[in-house]
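K.L.:
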Amino acid sequence: MTRRFFSSVAALAMVVAILYPSPILAFSSTKSPIQQRSQQQQSHTHTFKRKSIPLSRPTTTRVVVRSTTTSNDNSIGISSDTASSSTTITTTTTTTTPSSQSFQFPSRPASHYDAVIAGGGPAGLLTAIMLTQKYGPSYKVAVCERRPTIPPSPFQSDVWNDVARFYLLGIGHRGQSALDRFGILPDFIKASVEVHGRRDWQPGQTNVEDGRTTISNKDPPSRVLARDKLVGLLHEQLVEQHIVKRNATIDLLYGYQVEPLEFGNDRSHKNDDTTTTAATPPVKVRITKCEEVVTTTTPTNDQSTIPSSSPSSLSSSSSYEASQDSQQVCNVDDYVEATTHFLVGADGASRTVARAMEAADAKRFRQLNFVQKVFARQRPFRITRFDDDNPRVYKSVPITLPSDWPRDLNYSARSRDSRITLEALPSDDKGNLCALLLMRPDDELAQPNVDPNKLRRFFDDEFPQFGMLVNDEEMTRVAQKPASRLPVFRYAGPRLCMGSRTLVLGDAAHTVKPYYGLGANTALEDVQVLSDILDECRRSENLDTAENCCPPESVIPAAVQTFSDRRSGDAQALVTISRNMDRPGKLFLVNFLIPIILDGIFHKLAPKIFGPNIFGMFQMKGIGFKQIQRKKRLDRTLQLVILGTLASGFCVAVKECISVVARFTGKSPSLVSLGIVVAAALFGVGIKKMTTTQKASVS
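For the sequence shown, the positions run -26 to -1, 1 to 673 when mature numbering (1 follows the signal peptide of the UniProt record, and there is no 0) is used.
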């Protein structure tokens, strides 16, 4: 009994020694730089607890307590010996350089931030980088992302090897210019693949040699990478270059959603932090805890969803789920109310901030009488949602190119009846492509659990040049998985702000289908424009001095209004132009195909008067989408005037010719006109027969 008692006391002592280390047990009490920074930041900013989540290069200390026999205390790592009271402690320490992989994430939001960014995608993370670069490490920023999963490193090969899991982005000069502005372009180039053109197969062309290669002359060339890889790159830059190296006070709140409660329109509000009356009160937000919805499959293939926010889901790269397949649920009872001087809605399709702005403005407008509505200085903020009259869904297919195929091209093919389009972009420089099968939602191949033999037969008939590059295992996986949906066209307007301290940018302000690489590029460009406007407003207020390194209260309201004035027109124009290029049937012919042909002809004849086609305009630097839209409208007006003049002159000339022939032959003008029509019809039939005969002889 006595021996067992002393054994228990020894075990208890071990627990105390581990939980409260001291120099007596040879445990160092010196804190690492990361721990010191965490303690300083907590004392400097707020007092909530943080949780440390290592990703891939952690600084760890592993303590193993062993003895000869075990008891029920194994759950806490302690073993006891009934025959002997001695216990052995073995410590193993693995130390690496402190990096983004071992800093401490906040476990709860604070009650006040200088800036709150809703959305941890490319636009949101780049905005956080921009603000901390501009205003220094003491500028307190919160980035709230609904997904609780921490983005993996862009160079973590075990995540990105499965190329078909992730949605690819093409980043052109707009996006690359923004990344270069904030010093991220070199790492972006390392993580992306350069594309120098495309290779197309027209419907019915199934031989490899039938593909037509078009080399692009873009400057700079477009670069391709997965959207989630871009997010991981920006996350890593934010952590390593700012939070760790510069001790920036940035809270990365993964698993949290931002909802505005008050937009700070009450001018008599008192600032609780400084106990002084502010020119404009801060915005009040609710930061709500969200959890990942995990899909589980039973042996009967029935799927069920359960919420999960376990710490393992935050750092496990092997189980990382692509953002387009991720779903979250937010707990309305688990939230923190906070205030901020600057709220940026960059939460993409979620549009939590934009929807709150729309609801608040609709309520305000309903309270106005008829006369007030007519003479209102500002029209209500609203999100214009277009019906998708050309819906498409997609399934991703991994393709490995043969060694003799170029690896820096975009590959494209269409089936004979335009039923399905294949678009493939390079995922790396090793010949791995991620191909998308674009089809209508009601297509039988778009459904889940399709017979793999049907999909294989379709490839053999329509895309044999690609079908031979997809093995049976991948073909089965593609056939059985459900299709993913493309975003629909939406834009916010007629302004992009609410009050004087809230704005929306990126996909929250303008959402387009990703056919032409405009969505992500414009989102990154929004951040660059906002940065320029903040500098302009600071200079205009004569506040660019050493003692004003952080933004004065007067800068944010002016910058918010200026950004809205400058970018709201671009948001509407971007979505309108993109939608016109996606219309079905005759609308596609009128809105896209004929204008492309006319622009090509007139620009070649008079390049100083007529601009290039819409794709050429997109590649021009220093011109916004509103300017592009105005230029194309002017070009179209001039083209119609010229064509109308030529048509009128042609009709007058034909009428005069008919009159001359009628007088010369003594026949009536109507009979001569009929004869000309018949002769033209016979000539057309003859040309068609000759073309058919030539095709038959060639085949």
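Every residue gets a Cβ at the ideal spot worked out from N, C-alpha and C, and that includes glycine. Source: prediction; values computed, not measured.
1. Which residues mark the beginning and the end of the alpha helix (DSSP H) in which Tyr109 is found?
2. Would you check if the distance between the CB atom of Gly206 and the CB atom of Ser131 is smaller than 8 Å?
3. By the DSSP assignment, the alpha helix (DSSP H) with Trp175 in it spans what residues?
4. Run through DSSP, which three-state label would Val37 get?
5. Ordered along the chain, which non-local residues of its own chain (more than five positions away) have a Cβ less than 8 Å from that of Lys192?
6. Identify whether Arg197 lies in helix, strand or coil by the three-state DSSP scheme.
7. Just to check my reading of the structure: Leu199 and Leu142 have Cβ atoms closer than 8 Å, yes? What is that Cβ distance to the nearest angstrom?
8. Can you tell which of Cys625, Gly649, Asp435, Phe624 has its C-alpha closest to the C-alpha of Ala636?
9. What does a CB cutoff of less than 6 Å around Ser60 pick up in its chain, not counting 5 residues either side in sequence?
10. Counting along the chain, where does the beta strand (DSSP E) carrying Ala636 start and finish?
11. Kindly indicate which residue of Asp362, Tyr368, Leu411, Lys369 has the alpha-carbon position closest to the one of residue 675.
12. State the Cα-Cα distance for the pair Cys524 and Cys264, rounded to the nearest angstrom.
13. Taking Gln231 as the reference, give the member of Gly185, Gly98, Arg451 with the closest Cα.
14. If you follow the alpha helix (DSSP H) that Asp500 is in, where does it begin and where does it stop?
15. Whole angstroms is fine: what's the gap from Arg121's alpha carbon to Ala92's?
16. Who are His86's beta bridge partners in DSSP?
17. Please classify Gly322 as buried or exposed, where buried requires at least 16 other C-beta atoms within 10 Å of its C-beta.
18. Mind checking residue 718: buried by the 16 CB within 10 Å criterion, or exposed?
19. In terms of alpha-carbon separation, which member of Thr188, Ala482, Ala457, Lys337 lies closest to Pro380?
20. By Cβ distance below 6 Å, which residues in the same chain neighbour residue 674 in space, the five residues on each side in sequence not counted?
21. Within 8 Å (strictly less), CB to CB, does Asp161 reach chain D?
22. When you compare each of Ser166, Leu419, Tyr228 to Ser401 by their alpha carbons, which one comes out closest?
23. In terms of DSSP beta bridges, what is residue 691 paired with?
24. For Ser538, which option in Ala89, Thr106, Glu210, Gln352 has the closest C-alpha, if you only look at C-alpha atoms?
25. Can you give me the C-alpha to C-alpha distance between Tyr490 and Leu399, rounded to a whole angstrom?
26. In the DSSP assignment, find the unbroken alpha helix (DSSP H) run with Glu397 in it and report its ends.
27. Taking C-alpha atoms, which residue in Ala483, Ala494, Gly405, Glu119 lies nearest to Phe355?
28. Closer than 6 Å by C-beta to Thr476: which residues in its own chain qualify, once you throw out the five before and the five after it? Chain order, please.
29. Identify whether Ser644 lies in helix, strand or coil by the three-state DSSP scheme.
30. Quick one: Cα of Arg260 to Cα of Asn181, how far?
31. To the nearest angstrom, how far is it from the Cα of Thr123 to the Cα of Arg325?
P.N.:
Reading off the structure:
1. 96 to 109
2. no
3. Run containing Trp175: none in the alpha helix (DSSP H); it sits in the beta strand (DSSP E), 171 to 175.
4. Any reading at Val37 must be qualified, since the residue scores a pLDDT of 31, below 50, and its modelled position is unreliable; the value itself is stated next. If DSSP states are grouped into helix, strand and coil, Val37 belongs with the strands.
5. Gly146, His147, Gln593
6. strand
7. 7 Å
8. Gly649
9. With a pLDDT of 36 at Ser60, under the threshold of 50, the modelled position of that residue is not reliable, and the figure given next carries that caveat. For Ser60, where only same-chain residues beyond five positions count, there are no Cβ hits under 6 Å.
10. First-last for Ala636: 599 to 639, but that is the alpha helix (DSSP H), not the beta strand (DSSP E).
11. Since the first residue shown for the chain is -26 and the last is 673, residue 675 is missing from the structure and cannot be characterised.
12. Residue confidence is low: Cys524 scores 43 on pLDDT, short of 50, so the model does not pin down where it sits. No coordinate-derived value is stated.
13. Gly98
14. 493 to 514
15. 12 Å
16. Thr313
17. buried
18. Any property of residue 718 remains undetermined from this structure, which presents the chain solely from -26 to 673.
19. Thr188
20. Residue 674 cannot be examined here, being either before or after the span of the chain that is shown, -26 to 673.
21. Protein chain content of the structure displayed is limited to a single chain, and chain D is not contained in it.
22. Ser166
23. There is no way to answer for residue 691, as the model of the chain reaches only from -26 to 673.
24. Gln352
25. 13 Å
26. Here Glu397 belongs to no alpha helix (DSSP H); instead the beta strand (DSSP E) covers 395 to 400.
27. Ala483
28. Phe237, Val257, Leu317
29. helix
30. 58 Å
31. 20 Å
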